[in-house]
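All remarks here apply to the structure that follows.
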Amino acid sequence: MSTATNTDWQTRPTPKTAQDWIARAAEVAAVLATDAAERDRAGATPYAEVQRLKDAGLVTLLGPTEHGGGGQDWPTAYRVVREIAKADGSIGQLLGYHYLWFWAARLVGSREQWEHVEAEASRNRWFFGGAVNPRDKDVVVTEDGDDLVYTGRKTFSTGSKVSDVTVLEGVLEGTDSHVFAIVPSDSAGLTFHDDWDNIGQRLTESGGVTLDGVRTPWSSAAGYVDKVFQPRVYNTLNVPTIQLVFVNFYLGIAGGALETAATYTREKSRSWLHGGFERAVDEPYVIDIYGDLTAKLWAAEALADAVAAEGQRLHDDPDAVTEQTRGDFEVRVAAVKARATDVALEIAGRIFEVTGARSTATSEGLDRFWRNVRTHTLHDPVAYKRREVGRWVLEGELPEPTWYS
């Protein structure tokens, strides 16, 4: 739990512009950074940290202004995720996943459904989690009159214990139809497990979840009209949208690693006794490595921002999204996902070359940056992202929409 004093975000005017929101995120990140290493070691459920996101208004960034939301777009949301992840990769991931699930009703649902969800979520500052791990056996959805009943188990459910509502997904019994629905996280039959025990992203509450007859009205089935799903190509934009979330918290973690390492180098690192320099910051190899890593980070961030802007054009006109425009966008997302993965892993690993042996002390917590990036970049093999790009270049082949492309 953060020990830093909270700020007066709730008594201050709501940010209006994208830059104002990014600045607000930087303020939140500064609070989170004060004890990030300590909280990482403790691994406690981040109730207080999520409350800070709510107090600062960040959870409603994408919501309509008439209901208390920020009225911002996806490029701004990605930048906000990046800022938060600089301080704490786990909280950056939680916020990024929240944005995707907040937007899920708009991706899949009818206008009436997503307008209702976004209004309620913005007014009540809901924090979203999701039980939608596609590598597990499908959750079974059965009909019971006007209700749907979800039964099964998912290995991962990011945001579980800190969420107000959870997105469920399953397959309607006897069909191949997938059904998404949003339910309160305290719903009867929904049990979150304390079994997230990975080396990184320790505070993401990504443990398993059991669904034992979780009920929800048929009317909450996203995108269904009279129990029949109404498909659009826009429905398939969920994967490139969340893959860009990944990109931005990877780059945020990398940026945080560089900033933290640079402070350590300035304040604590000793120059090499045979190098002829009194200060570590004057060592030519130290200067070179910081310059190299910073240039790589800036290049990846520029690509991420450009791809985010391309994606926003699709979000601006959902009904105009075609298989071609969706596929071309996914290729660009795959490219930046591959680049961000490599850059973040390199930065998080190489900072020790310019901080020195004493920086490996557990109390410094510099290892958390690498552990966080390494843990999540295994989400799906980056080689398949490069394959998408290569096939597009050589054959004009568009990636087939799947749970991972």
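Letter 148 of the sequence shown, counting from 1, is numbered 256 in our numbering, and no numbers are missing. For each residue, glycine too, the CB sits at the ideal point set by N, CA and C.
query: Beta-carbon proximity list for T463, same chain, < 7 Å, skipping 5 on both sides; result: A369, Y372, T373, S377 and L474
query: V451 vs A416 beta-carbon contact at 8 Å; result: no
query: Y342: first and last residue of the uninterrupted beta strand (DSSP E) it sits in; result: Unbroken run through Y342: none, as it is neither H nor E.
query: Sequence-distant residues of the same chain with beta carbon closer than 7 Å to V501, five excluded per side; result: none
query: Residue nearest to I290 in terms of C-alpha spacing, selected from I350, V216 and F264; result: V216
query: Inter-residue Cα distance where the pair is F210 and G383; result: 54 Å
query: Entirely enclosed beta strand (DSSP E) segments - the segment 266 to 317, minimum 3 residues; result: 273 to 280, 286 to 292 and 298 to 300
query: Selection from E454, N480, R458 and A442 that minimises the alpha carbon distance to S498; result: The question names Ser, yet the displayed sequence has Gly at residue 498. For G498, the nearest C-alpha among the options comes from A442.
query: Cut-off 8 Å between Cβ atoms - residues of its own chain near Q420, not counting five sequence neighbours on either side; result: D181, W182 and P183
query: Own chain, CB closer than 8 Å to T468, minus 5 neighbours either side, in chain order; result: F460, L474 and D475
query: Buried/exposed call for R434, threshold 16 Cβ in 10 Å; result: buried
query: Rounded Cβ spacing between G165 and T119 (contact assumed at less than 8 Å); result: Not confirmed; about 12 Å, so no contact.
query: Exposed unless 16 or more other CB atoms sit within 10 angstroms - verdict on V240; result: buried
query: Nearest-angstrom beta carbon gap, I397 and R458 [assumed within contact, 8 Å]; result: 6 Å
query: Inter-stretch contact (C-beta, 8 Å, three-pair minimum) for the segment 331 to 338 and the segment 303 to 315; result: no
query: Assumed close pair G297, W304 - CB separation to whole angstroms, cut-off 8 Å; result: In fact, because the Cβ distance is near 21 Å, the residues do not count as touching under 8 Å.
query: Pair within 8 Å by beta-carbon distance, G238 and T274; result: yes
query: Exposure of W511, with buried meaning 16 or more beta-carbon neighbours within 10 Å; result: exposed
query: Stretch pair the segment 140 to 149 + the segment 187 to 196: three plus CB contacts closer than 8 Å; result: yes
query: Buried versus exposed, by CB contacts within 10 Å (16 or more), A150; result: exposed
query: Buried or exposed (CB count within 10 angstroms, at least 16 for buried), I350; result: buried
query: Beta-carbon spacing of T299, T318 below 8 Å; result: yes
query: CA nearest to the CA of P292, picked from S268, A465 and G178; result: S268
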